[in-house]
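Residue numbers (our numbering): 60 to 433.
Each residue gets a CB set at the ideal place from its N, CA and C atoms; glycine is no exception.
Model, not experiment: these values are computed from the prediction.
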Amino acid sequence: MSSDTPSTDAPHESLPGGPARRRGPFRAGERVQLTDVKGRMHTVVLTHDGYFQSQRGSFRHSELIGKPDGTVVDTPTGHQLLALRPLLSDYVLSMPRGAAVIYPKDAGQIVQMGDIFPGARVVEAGVGSGALSMSLLSAVGEDGHLISVERREDFADIAIGNVESWFGDRHPAWEVRTGDLAEVLPEAVEPASVDRLILDMLAPWENLDVAADALVPGGVLVAYVATTTQLSRLAEDIRGTENFTEPQAWESMMRTWHLEGLAVRPDHRMIGHTGFLLTTRRLAPGNSPPRRKRRPAKGAYPADAEWTPDEVGERPISEKKIRRVRRDVRRRAEMAQFGVAGAPGTTADNSTGAQAETPSSDDAAAAAPEDGTA
Ligand SMILES: C[S@@+](CC[C@H](N)C(=O)[O-])C[C@H]1O[C@@H](n2cnc3c(N)ncnc32)[C@H](O)[C@@H]1O
60 MSSDTPSTDA PHESLPGGPA RRRGPFRAGE RVQLTDVKGR MHTVVLTHDG YFQSQRGSFR
120 HSELIGKPDG TVVDTPTGHQ LLALRPLLSD YVLSMPRGAA VIYPKDAGQI VQMGDIFPGA
180 RVVEAGVGSG ALSMSLLSAV GEDGHLISVE RREDFADIAI GNVESWFGDR HPAWEVRTGD
240 LAEVLPEAVE PASVDRLILD MLAPWENLDV AADALVPGGV LVAYVATTTQ LSRLAEDIRG
300 TENFTEPQAW ESMMRTWHLE GLAVRPDHRM IGHTGFLLTT RRLAPGNSPP RRKRRPAKGA
360 YPADAEWTPD EVGERPISEK KIRRVRRDVR RRAEMAQFGV AGAPGTTADN STGAQAETPS
420 SDDAAAAAPE DGTA
């Protein structure tokens with residue numbers, strides 16, 4: 060098969076967001092990502108009479124129309140610009156946003172760990188800017204069904220614009236509903252008919268009852284939350300319903316790498332935090348979760364819910380250890396001040412000037428300030 064001329068008669072060519080939009084030479088009306096030699100990116104929509112202008116090179120769009128994806132344009136001013144069709148992950152990060160988007164690394168995990176399969180009936184809320192909707196639609200395909208619920212009409216409009224712009228039209232499997240999930244979901248779906256439910260919202264625990272009613276037995280609930288306090292509340296409330304399996308939670312960090320000759324190392328900057336993911340599965344109606352063999356840590360569920368070190372599971376530190384750490388700290392301060400351990404007139408037990416003993420890692424941890432600036 061010719062790699063750059065998409066045939067129009069194969070049935071899969073008409074798939075939304077499929078080969079017809081992803082293969083072949085650049086066409087007018089198409090979005091193209093331009094990268095200059097400094098790595099700066101610009102996204103343009105090619106038009107027959109369009110002109111791209113920047114400090115690092117300018118050219119007429121007509122020079123690019125008809126050229127293959129991955130063309131390097133040599134501009135009259137001697138600059139070079141690399142032209143590529145954006146991937147979904149590029150598009151998500153450059154599209155207009157109303158609400159914060161789910162990053163591609165997390166969207167990938169939701170599709171994988173949420174087991175979003177072709178033909179699945181999926182519900183997501185909220186829609187925000189529509190970033191996750193595109194990954195979900197790609198995964199369920201034309202024969203699936205995605206209902207995206209968003210309480211804000213303005214955000215729903217932004218999401219529809221972004222998603223239609225990516226697929227080139229309304230995706231046949233997509234239905235957008237505005238309103239609060241707790242009210243919309245029971246009207247939108249039959250009980251026990253939803254295969255997968257994804258919650259990306261401030262208070263997902265408010266929707267656990269409607270989620271339990273909507274999900275098929277064994278159906279997967281995936282939640283994405285930004286903070287540990289949300290994560291904890293959600294996990295406890297899920298357990299409290301007795302309708303779901305034991306929740307699993309994790310976060311992922313993506314560290315990009317600098318690749319140059321012998322200088323192959325992690326980049327200095329990274330996105331340190333996006334959100335936490337949690338999955339759980341709907342139990343068959345009438346069943347409750349198996350009793351856990353391993354009992355929760357002592358103090359994990361305090362009757363009076365006080366925030367004490369013991370109750371949040373911190374390891375207790377003995378008075379003896381604290382005394383030792385204090386001694387070490389004093390010794391180090393003396394060494395820094397006088398150049399020897401045990402300054403004249405002090406009662407430090409190491410007055411011979413020998414090196415202060417290095418505290419064990421436990422001691423160091425106990426002595427370290429909480430912000431980790433030791
Ligand atoms: C962080 S955004 C979602 C981003 C989206 N997943 C994306 O990838 O672009 C959270 C959205 O949830 C919506 N929302 C919050 N609670 C909701 C509820 N109970 N029902 C429907 N939408 C809700 C908010 O209006 C907001 O747009």
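Asked, Found
"When you compare only the Cα positions, how much space is there between Gly-398 and Arg-390?", "11 angstroms"
"Distance, Cα to Cα, His-230 vs Val-284?", "27 angstroms"
"Starting from the C-beta of Ala-198, find all residues in its chain whose C-beta is less than 6 angstroms away, skip the five residues before and the five after it, and write them out in chain order.", "Val-170, Ile-175"
"Distance, Cα to Cα, Ala-127 vs Asp-272?", "At residue 127 the sequence reads Pro, which differs from the Ala that was named. In a straight line, the C-alpha of Pro-127 is about 50 angstroms away from that of Asp-272."
"Using three-state DSSP, classify Gln-289 as helix, strand or coil.", "helix"
"CB of Leu-466 to nearest heavy atom of ligand 1: below 7 angstroms?", "There is simply no residue 466 to check, as the chain begins at 60 and stops at 433 in what is shown."
"Excluding the 5 residues preceding and the 5 following Leu-123 in the sequence, name in chain order all residues of the same chain whose CB lies nearer than 8 angstroms to its CB.", "Phe-85, Val-91, Leu-105, Thr-130, Val-132, Ala-142"
"State the Cα-Cα distance for the pair Ala-158 and Leu-152, rounded to the nearest angstrom.", "12 angstroms"
"Thr-134 to Pro-177, Cα distance in whole Å?", "44 angstroms"
"Where does the unbroken alpha helix (DSSP H) through Gly-220 begin, and where does it stop?", "212-226"
"Can you tell which of Leu-261, Leu-280, Asp-259 has its C-alpha closest to the C-alpha of Asp-268?", "Leu-280"
"Pull up the distance between the alpha-carbon of Leu-274 and that of Glu-265, whole angstroms please.", "16 angstroms"
"Take Arg-80 and list the residues in its own chain whose beta-carbon comes closer than 6 angstroms to its own, dropping the five residues that flank it on each side.", "Gly-227"
"Near Thr-406, what residues of its chain come up, given a Cβ to Cβ distance below 8 angstroms and the 5 sequence neighbours on each side ignored?", "In this predicted model, Thr-406 has a pLDDT of only 46, less than 50, meaning its place in the structure is not dependable; the value taken from the coordinates is given anyway. Cβ within range, chain order: n/a, list empty."
"The alpha helix (DSSP H) spanning Gln-307 covers which residue range?", "Where Gln-307 is concerned, there is no enclosing alpha helix (DSSP H), although the beta strand (DSSP E) it sits in stretches over 307-310."
"By alpha-carbon positions, which one of Glu-319, Pro-163, Arg-180, Arg-341 ends up nearest to Asp-254?", "Arg-180"
"Hey, how far is the Cα of Gln-114 from the Cα of Asp-108?", "20 angstroms"
"Assuming the contact rule is C-beta atoms closer than 8 angstroms, Val-235 and Ile-219 should be a hit. Round their C-beta distance to whole Å, please.", "6 angstroms"
"Which of the three DSSP states, helix, strand or coil, is assigned to Asn-409?", "Low local confidence applies: a pLDDT of 41 at Asn-409 is under 50, so the model's placement there is unreliable, and no value is given."
"Please report the residue range of the alpha helix (DSSP H) in which Pro-78 lies.", "78-81"
"With distances taken Cα to Cα, identify the nearest neighbour of Thr-333 among Val-182, Ser-311, Ala-322.", "Ser-311"
"Using a Cβ-based criterion (distance less than 7 angstroms to any ligand heavy atom), does Ile-438 qualify as near ligand 1?", "Because the chain spans 60 through 433 in this model, residue 438 falls outside it and cannot be assessed."
"Tell me whether Asp-174 sits in a helix, a strand or coil according to DSSP, three-state version.", "coil"
"Can you confirm whether the region 300-308 touches the region 334-349 when touching is taken to mean that 3 or more C-beta pairs between the two stretches lie within less than 8 angstroms?", "yes"
"Rounded to a whole number of angstroms, what is the C-alpha to C-alpha distance between Ala-308 and Ala-359?", "17 angstroms"
"Measure the beta-carbon distance from Met-329 to Thr-338 and round it to whole angstroms, keeping in mind my assumption that it falls under 8 angstroms.", "Going by Cβ atoms, the distance from Met-329 to Thr-338 rounds to 25 angstroms, so no, they are not a contact pair."
"Rounded to the nearest angstrom, what separates Met-260 and Gly-185 at their Cα positions?", "6 angstroms"
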